[in-house]
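Asker: When we follow UniProt numbering, the leftmost residue of the sequence shown carries the number 1, and every step to the right adds one.
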Amino acid sequence: MKSEHAPTIQRSDYTPLAWNIENIELHFALDPAATLVTSRMRCVRRASAADPLRLLGEELELVSVSIDGRPAEDSRLKRGEGWLEIALDDDRAEVGIVTRINPQANSALSGLYVSRGGFFTQCEAEGFRRIAFFPDRPDAMTRFTVTLEADAADYPVLLSNGNLVEEGALAGGRHFAKWVDPFLKPSYLFALVAAKLVALERRVKTASGREVLLQVWVEEGNLDRTPHAMDSLVHSMRWDEEVFGLELDLDRFMIVAVSDFNMGAMENKGLNIFNAKYVLAKPDTATDVDYENIESVVAHEYFHNWTGNRVTCRDWFQLTLKEGLTVFRDQQFSADMLAQAAGEAGAASARAVKRIDDVRVLRAAQFPEDAGPMAHPIRPESYQEINNFYTATVYEKGAEVIRMLHTLLGAEGFRNGMDLYFSYHDGQAVTCDDFVDCMAEANGYDLDQFMLWYSQAGTPRVKAAGAWDAASGSYTLTLSQHTPPTPGQPDKAPLVIPVAVGLIGPDGKDLPLSLEGENHGGATTRVLVLSEAEQTFRFTGLAAEPVPSVLRGFSAPVILELEESDERLAFRMAHDADAFNRWDAAQRYAERVIFALAADVASGRALVLPEAFAAAFRALLNDGALDPAFRAQAAALPSETYLLERMEPADPAALRVAMMHVMRELGKGLAADWLAIEAAMEVPGEYHYHPGDAGRRALGNLALKYLAAGGVTEGLARAETRFARFGNMTEGFGALAALVQSASPAREVALSRFHERYRDDALVLDKWFALQASVWRWDASAAPVLGRVRALMDDPAFSLANPNKVYALLGSFFRANAAEFHAPDGSGHAFWADQVIALDGRNPQVAARMARALENWRRFTPALRQSIRAQIARVAAAPGLSPDVAEIVGKALA
Ligand code: ARG
Ligand code: ZN
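#1: To the nearest angstrom, how far is the alpha carbon of Ser-107 from that of Leu-56?
#2: Identify every run of the alpha helix (DSSP H) within the stretch 786-817, keeping only runs that are complete inside it and at least 4 residues long; order them along the chain.
#3: Name the two residues that bound the continuous alpha helix (DSSP H) containing Asn-443.
#4: Cβ-heavy atom distance between Glu-295 and the ligand ZN below 7 Å?
#5: Taking the Cβ atom as the reference point for each residue, do Ser-208 and Cys-123 lie within a distance shorter than 8 Å?
#6: Helix, strand or coil for Lys-463? Go by DSSP, reduced to three states.
#7: Where His-228 and Glu-292 are concerned, what is the direct C-alpha to C-alpha distance, given to the nearest angstrom?
#8: Work out the CA separation of Tyr-302 and Gly-264 for me, nearest whole Å.
#9: Could you give the residue range of the beta strand (DSSP E) that holds Pro-368?
#10: Would you say Ala-93 and Ala-150 are within 8 Å of each other, going by their C-beta atoms?
#11: Mind checking Gly-111: buried by the 16 CB within 10 Å criterion, or exposed?
#12: Please classify Ser-12 as buried or exposed, where buried requires at least 16 neighbouring CB atoms within 10 angstroms.
#13: Between the stretch 244-263 and the stretch 351-358, are three or more C-beta pairs nearer than 8 Å?
#14: Residues in its own chain within less than 6 Å of residue 898 by CB, not counting five upstream and five downstream?
#15: Please confirm whether Ala-773 and Ile-837 have their CB atoms less than 8 Å apart.
#16: With 16 as the cutoff for other CB atoms within 10 Å, does Ser-423 come out buried or exposed?
#17: Given 8 Å as the limit, is there contact between the stretch 383-401 and the stretch 605-616, that is, 3 or more CB pairs closer than that?
#18: Could you tell me if Leu-597 is buried or exposed, where buried requires 16 or more neighbouring beta carbons within 10 angstroms of its beta carbon?
#19: Please say whether Thr-393 and Asp-370 have beta carbons closer to each other than 8 Å?
#20: Which word fits His-688, buried or exposed, when buried means at least 16 other C-beta atoms lie within 10 angstroms of its C-beta?
#21: Answer with buried or exposed for Glu-295, where buried requires no fewer than 16 other C-beta atoms within 10 angstroms of its C-beta.
#22: If the criterion is Cβ atoms closer than 8 Å, does the pair Thr-525 and Thr-476 meet it?
#23: With a threshold of 8 Å, are at least 3 pairs of Cβ atoms found where one atom belongs to the stretch 125-137 and the other to the stretch 196-214?
#24: Please indicate yes or no: does the CB of Tyr-758 lie closer than 7 Å to some heavy atom of the ligand ARG?
#25: What separation, rounded to the nearest whole angstrom, lies between the Cα atoms of Arg-379 and Ser-472?
#26: Please report the Cβ distance between Tyr-557 and Leu-319, rounded to the nearest whole angstrom; I am assuming they are in contact, meaning their Cβ atoms lie under 8 Å.
#27: What would DSSP say about Ser-110, mapped onto helix, strand or coil?
#28: Looking at His-304 and the ligand ZN, is the gap between the Cβ and the nearest heavy atom below 7 Å?
#29: According to the Cβ coordinates, are residue 897 and Ala-808 closer than 8 Å?
#30: On the DSSP bridge assignment, give the partners of Gln-449 in chain order.
#31: Leaving out five residues on either side along the sequence, give the residues of the same chain with a beta carbon under 8 Å from the beta carbon of Ala-876.
#32: Looking at the ligand ARG, does it come within less than 7 Å of His-425, judged from the CB to the closest heavy atom?
#33: From Gly-96 to Ser-39, what does the alpha carbon distance come to, in whole angstroms?
#34: Skipping 5 residues on each side, what residues in its chain have a beta carbon closer than 7 Å to that of Val-401?
#35: Closer than 7 Å: is that where the CB of Glu-124 sits relative to any heavy atom of the ligand ARG?
#36: Taking C-alpha atoms, which residue in Ala-818, Asn-161 and Pro-844 lies nearest to Asn-272?
Right, dumping it as structure tokens:
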């Protein structure tokens, strides 16, 4: 375990390395309890300074060190916690180091570890130092040659980065494989796999005609779940060639699925290692959403090959350089795939649905982060533990910042900037400034003020206010901005904010826009660039007072404050030509209704769902001109997490009652509509993943959910029938979830049937765990959910050692069941503290993720606040806390 007192690392402290490692040869004698790692590094002094060679290493048993082939004298070696320094006389040296490690004991799943009998690695961010002594930071790029040696029967497949150059049998039933990666790379992109696996293979040609071998490696028995990942890979390759002119640069590209993995997946050069959840899919075990997620994660990791690997980060403060950009790229890719599947007529709506999905994630995960004790700019200024900064801010807000560049510069300008970036920086480790400079230079566009997005934390508020002047037929829109203070940043400067605006005429149609002083015009959506604290924009030539539609397509990651009557929201729900804003109008209206009901709950008034809202909701739901995927989005309430974040003070119990009331009333009140929709959305024939079908199934499942919430007998009967004979997981799990999220007595039987059918399928059981942890108590006589969660921890399929299980059961309870987690007696909070402490002993990264569930405690009602604070303090006082959890609870209490 690392030191208890994690020092704070500052971005401003960056200094270049004194030594360059020209290449490294690694030899692994693999053994679960004692793996011998032999490394030979060709080292070249960079500066004329006398600095020793400084290497980082953790949890390593040092066996020997040699310099230019001779054993190193002890006087040349200096060792401290986490590092080894070697004094070298000359400007060049060949340094050999032998270390011993224990992969089997590695429960942190960082470095080299064992999962289901095989060896796997995860080196980002700082895992390589748990494998070998090395300058383990991203600006130390080198060439890797790797030889793996292991028992041939237990580990028939031996993989590493790059190209396989040699393999063969050895004495004693062992065998070896030698891999050479022709590209320079930092150590965080190193990977090895040694396991019993099989591969789906495909040979394809790149745009320039080179043949490459693609492989998806999985455990035997899972081959039938690999075709979708393979298809996704091929689609990703084509897309990057077409949209960015970027080709695969290796002869072989491998994806490996592993069951124990802290995060989603990892872009190791030529050898991507994935959480099995983002690889394996067949109709019977994976939902449409799983298929979508696999496509986007495969794309994300593949796209990293250029944005991350060919050009990497100088230091970890630049993480968003690769992550924000790569998330933006995978979002664009998914949108294009959806649009392509929808055909020309449906393309715009399909893109909007993807945009809505992404904004839902941003609002539910990133906005709260930006408003709490962990708030940080997309390029943080400091950290204690870098693994805590793989955040929604760095990833999702980072992607929004890239998207704004794309909006400001246009698709072609953006592409020119990308081309310039690769022409200047291929093979280098660079900074966010280097990237933005390329965008500026390629377009002759001043982005100095734009850089504030990289240094200011907090979600900006943009206020929009309109004034109609009938006499001149002009409409004045005043936009102002304000970013609230965040830890360490009391004052903020105005940002550059692209605000896409449209004006809707009284007939519901968009009006052509002309800004005062312009003689062109005619577009119906205009991007206004707000760069001052307040600016006004005057639209002229209007015949009647328009209704403004502001922040179309969510053109910037801000909170829009726009005063609108219920009537206006209903009008925009019916007419806004921008599908995103049409959805957003429905969300705003729903939020208003839910908050009013929550206030009624708190003050003991009777709950009445406003008829006008139900009518607007119904009209949108039944608009047959809209595609089902969009209707499903529009009819889904804002998430409880998002609403809790906006509620002052956060009162989970009142919010839950209000949300249940809305769902119940809409379920019962619109029962006939839902029943008709449910029947109409049925997709006949055999399941195959297709976005159009997925949209129909999503709307059908939502109908069942409302019907079940409303206790509609016919709806519950349909859920039971469907569940009794489902052919694919999307429909089966939709029916199960509807039953479980209802007061129906059938829910327990359904849960145990499901368990019987999938008892041996870990990924499906994750859904089963997650569903039970997120259950709402529709049946007032049901026991608190915490009891169920505790009991499920004793289920033989559950394990604290498997991150997916922890995320499914504990993560769902902590993050997707606020009313139960925040039970007034504080039992949930005490349970949280117990689990964070228990997890921290084995896997600090997973523990820290769970620890973050309570960081926004100051927003809650006084009694909850007190209870949470006490439990955070209990965790903070636990002996031997990892730097990961220490940073989270320390900041939460500060
Ligand atoms: N670079 C990976 C991705 O976004 C994430 C790896 C993060 N791992 C970690 N332990 N922090 O694709
Ligand atoms: Zn990534």
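Every residue, glycine too, gets a C-beta built ideally from N, C-alpha and C.
Answerer: Well, looking at it:
#1: Walking along the sequence shown from the start, residue 107 turns up at place 107. Walking along the sequence shown from the start, residue 56 turns up at place 56. Looking at the two C-alpha atoms, the distance is approximately 20 Å.
#2: 803-806 and 812-816
#3: Locating residue 443 in the sequence shown gives position 443, where the first residue counts as 1. Residues 432-443.
#4: As a working note, residue 295 is residue 295 in the sequence shown. Checking the Cβ of Glu-295 against the ligand ZN gives no.
#5: On the sequence shown, position 208 is the one that residue 208 refers to. On the sequence shown, position 123 is the one that residue 123 refers to. Contact flag unset, no.
#6: The residue you call residue 463 lines up with position 463 of the sequence shown. It is a strand residue.
#7: Numbered from 1 along the sequence shown, position 228 holds the residue referred to as residue 228. Numbered from 1 along the sequence shown, position 292 holds the residue referred to as residue 292. For the pair His-228 and Glu-292, the Cα-to-Cα distance works out to about 10 Å.
#8: Sequence index remark: in the sequence shown, residue 264 carries index 264 (1-based). Sequence index remark: in the sequence shown, residue 302 carries index 302 (1-based). Whole-angstrom Cα-Cα distance: 13 Å.
#9: On the sequence shown, position 368 is the one that residue 368 refers to. Per DSSP, Pro-368 belongs to no beta strand (DSSP E); it is in the alpha helix (DSSP H), 367-370.
#10: Residue numbering aside, residue 93 sits at position 93 when the sequence shown is read from its first letter. Residue numbering aside, residue 150 sits at position 150 when the sequence shown is read from its first letter. Their beta carbons are not under 8 Å apart, which means Ala-93 does not touch Ala-150 by this criterion.
#11: For the purposes of this step, residue 111 is taken as residue 111 along the sequence shown, with counting starting at 1. Gly-111 comes out buried.
#12: One-based indexing of the sequence shown puts residue 12 at position 12. Counting every other CB atom within 10 Å of its CB across the protein chains shown gives Ser-12 a total below 16, marking it as exposed.
#13: no
#14: In this structure the chain extends from 1 to 894, so residue 898 is not present and cannot be described.
#15: As a position in the sequence shown, residue 773 is number 773, starting the count at 1. As a position in the sequence shown, residue 837 is number 837, starting the count at 1. Going by C-beta atoms, Ala-773 is not nearer than 8 Å to Ile-837.
#16: Mapped onto the sequence shown, residue 423 falls at position 423. With fewer than 16 other Cβ atoms within 10 Å, it is exposed.
#17: no
#18: On the sequence shown, position 597 is the one that residue 597 refers to. Its Cβ being crowded by 16 or more others within 10 Å, Leu-597 is buried.
#19: Counting from 1 along the sequence shown, the entry for residue 370 is found at position 370. Counting from 1 along the sequence shown, the entry for residue 393 is found at position 393. Cβ distance < 8 Å, so Asp-370 and Thr-393 count as in contact.
#20: Taking the first residue of the sequence shown as position 1, residue 688 is located at position 688. Classification of His-688: exposed, given that the 10 Å Cβ count is below 16.
#21: For this step, residue 295 is matched to residue 295 along the sequence shown. That one is buried.
#22: To locate residue 525, count along the sequence shown from 1; it is residue 525. To locate residue 476, count along the sequence shown from 1; it is residue 476. Contact flag unset, no.
#23: no
#24: Taking the first residue of the sequence shown as 1, we reach residue 758 at position 758. With a cutoff of 7 Å, Tyr-758 does not count as near the ligand ARG, since its C-beta is closer than that to no heavy atom of the ligand.
#25: Position 379 of the sequence shown holds residue 379. Position 472 of the sequence shown holds residue 472. Rounded to the nearest angstrom, the two C-alpha atoms are 46 Å apart.
#26: Counting from one through the sequence shown, the residue named residue 557 turns up at place 557. Counting from one through the sequence shown, the residue named residue 319 turns up at place 319. This sequence places Pro at residue 557; Tyr is not what is there. Contact between Pro-557 and Leu-319 is ruled out by a C-beta separation of about 17 Å, above the 8 Å threshold.
#27: Indexing the sequence shown from 1 puts residue 110 at position 110. Three-state result, Ser-110: coil.
#28: Here the question's residue 304 lines up with position 304 in the sequence shown. Yes, the beta carbon of His-304 sits closer than 7 Å to at least one heavy atom of the ligand ZN.
#29: Residue 897 lies beyond the range of the chain shown here (1 to 894); nothing can be said about it.
#30: To locate residue 449, count along the sequence shown from 1; it is residue 449. Its beta-bridge partners do not exist; DSSP assigns none.
#31: Residue mapping note: residue 876 aligns to position 876 of the sequence shown, counting from 1. Result list for Ala-876: Ala-886, Val-889, Gly-890 and Leu-893, in chain order.
#32: Within the sequence shown, residue 425 is the residue found at index 425, counting from 1. Every heavy atom of the ligand ARG is 7 Å or more from the Cβ of His-425, so no.
#33: Stepping through the sequence shown from its first residue, residue 96 is reached at position 96. Stepping through the sequence shown from its first residue, residue 39 is reached at position 39. Between Gly-96 and Ser-39, the alpha-carbon positions lie close to 6 Å from each other.
#34: As a first step, residue 401 must be located in the sequence shown, where it is residue number 401. In the same chain as Val-401, and ignoring 5 residues on each side of it, the C-beta atoms closer than 7 Å to its own belong to Gly-324, Ile-378 and Trp-453, in chain order.
#35: Walking along the sequence shown from the start, residue 124 turns up at place 124. Yes; taking the cut-off as 7 Å, the Cβ of Glu-124 has a heavy atom of the ligand ARG nearer than that.
#36: Locating residue 272 in the sequence shown gives position 272, counting from the first residue. Asn-272 has its Cα closest to that of Asn-161, out of Ala-818, Asn-161 and Pro-844.
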